[in-house]
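The structure under discussion appears below in the form of structure tokens.
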Amino acid sequence: SQKIEQNSEALNIQEGKTATLTCNYTNYSPAYLQWYRQDPGRGPVFLLLIRENEKEKRKERLKVTFDTTLKQSLFHITASQPADSATYLCALLNYGGSQGNLIFGKGTKLSVKP
Amino acid sequence: GAVVSQHPSWVICKSGTSVKIECRSLDFQATTMFWYRQFPKQSLMLMATSNEGSKATYEQGVEKDKFLINHASLTLSTLTVTSAHPEDSSFYICSAPGPGQETQYFGPGTRLLVL
Numbered sequence: 014s015q016k017i018e019q020n021s022e023a024l025n026i027q028e029g030k031t032a033t034l035t036c037n038y039t040n041y042s043p044a045y046l047q048w049y050r051q052d053p054g055r056g057p058v059f060l061l062l063i064r065e066n067e068k069e070k071r072k073e074r075l076k077v078t079f080d081t082t083l084k085q086s087l088f089h090i091t092a093s094q095p096a097d098s099a100t101y102l103c104a105l106l107n108y109g110g111s112q113g114n115l116i117f118g119k120g121t122k123l124s125v126k127p
Numbered sequence: 007g008a009v010v011s012q013h014p015s016w017v018i019c020k021s022g023t024s025v026k027i028e029c030r031s032l033d034f035q036a037t038t039m040f041w042y043r044q045f046p047k048q049s050l051m052l053m054a055t056s057n058e059g060s061k062a063t064y065e066q067g068v069e070k071d072k073f074l075i076n077h078a079s080l081t082l083s084t085l086t087v088t089s090a091h092p093e094d095s096s097f098y099i100c101s102a103p104g105p106g107q108e109t110q111y112f113g114p115g116t117r118l119l120v121l
């Protein structure tokens, strides 16, 4: 079965620096990969989706890369701000499950210090 | 953007009682909704897929008689935790697929504490 690993449980960085979060997966390569943000006690919020034929995707200060050879996605937040502090989840389509069925990594808790 | 609401946002109940959690899509219709459970510092675990007009599909290891799901309309799905036990205490989150069925819109979650 497909597995997702977000290697860092927590990441602490200084305001203004670039945060880089890692997501690795095993087995098959998905048609697309997604990143979500989750604040404490709240449901996740969709951020970005990157397809297997896309190497990189950007949205404002966010950048996602997708390397199907390494089976890895990197999520970058440039010019980080304290408001970026949250848990970031990587998600893949769960093949064999219902349409739209996603499996999630455990997440990386990002703390941006002023 | 699409909004999904959940009610209640938190609930405390006694062991052995049943608790119903509602999930609504506010400005769009959802023939499918997903129910997740999340324990502290753990990932979201899919419990079941709620299908409007048909039975829910449960993930392996999830008791369908304990977690009753009813997709009453194109905008409402309910999860009822029957005969709740302390180990059922968790954060329950629902979601509905966005356009193209690729991304998901999540509700704010329901914190359940069973005493």
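Chains as they are written, first to last, in our numbering: chain X, 14 to 127; chain W, 7 to 121.
Built from N, CA and C at the ideal position, the CB exists for glycine as well.
Coil, strand or helix - residue i by DSSP
{"i": "X/Q94", "result": "coil"}
{"i": "X/E18", "result": "strand"}
{"i": "W/Q110", "result": "strand"}
{"i": "X/P53", "result": "coil"}
{"i": "W/P14", "result": "coil"}
8 Å CB neighbourhood of residue i in its chain, flanking five on each side removed
{"i": "X/S124", "result": "A23, L24, N25, I26, S98"}
{"i": "X/N114", "result": "L106, N107"}
Rounded straight-line distance, which links the Cα of residue j to that of residue i
{"i": "W/K6", "j": "X/G118", "result": "With chain W covering only 7 through 121, there is no way to say anything about residue 6 of chain W."}
{"i": "X/A96", "j": "W/E69", "result": "39 Å"}
{"i": "W/K47", "j": "W/T109", "result": "23 Å"}
{"i": "W/S79", "j": "W/V10", "result": "14 Å"}
{"i": "W/S49", "j": "W/N76", "result": "24 Å"}
{"i": "W/G115", "j": "X/Q85", "result": "29 Å"}
{"i": "X/N130", "j": "W/T84", "result": "Chain X is shown from 14 up to 127; residue 130 of chain X falls before or after that span and cannot be answered."}
Residues of its chain near residue i, where Cβ-Cβ distance is below 6 Å and the 5 sequence neighbours each way are ignored
{"i": "X/K72", "result": "L61"}
{"i": "X/E18", "result": "N37"}
{"i": "W/Y64", "result": "A54, K70"}
{"i": "X/P127", "result": "E28, P95"}
{"i": "X/P53", "result": "none"}
{"i": "X/F59", "result": "Y49"}
Contact test: residue i Cβ vs the ligand SAH heavy atom, cutoff 7 Å
{"i": "W/M51", "result": "Within the structure as shown, the ligand SAH is missing, as the structure has no ligands at all."}
Cutoff 8 Å: residue i Cβ touching any chain X Cβ
{"i": "W/E28", "result": "no"}
{"i": "W/L118", "result": "no"}
{"i": "W/P105", "result": "no"}
{"i": "W/E108", "result": "yes"}
{"i": "W/F112", "result": "yes"}
{"i": "W/S96", "result": "no"}
Residue i at chain W interface by Cβ criterion, 8 Å
{"i": "X/F88", "result": "no"}
{"i": "X/G132", "result": "Past the boundaries of the shown model lies residue 132 of chain X; chain X is included only from 14 to 127, so the question cannot be answered."}
{"i": "X/Y45", "result": "yes"}
{"i": "X/L24", "result": "no"}
{"i": "X/K119", "result": "yes"}
{"i": "X/F59", "result": "yes"}
{"i": "X/L115", "result": "yes"}
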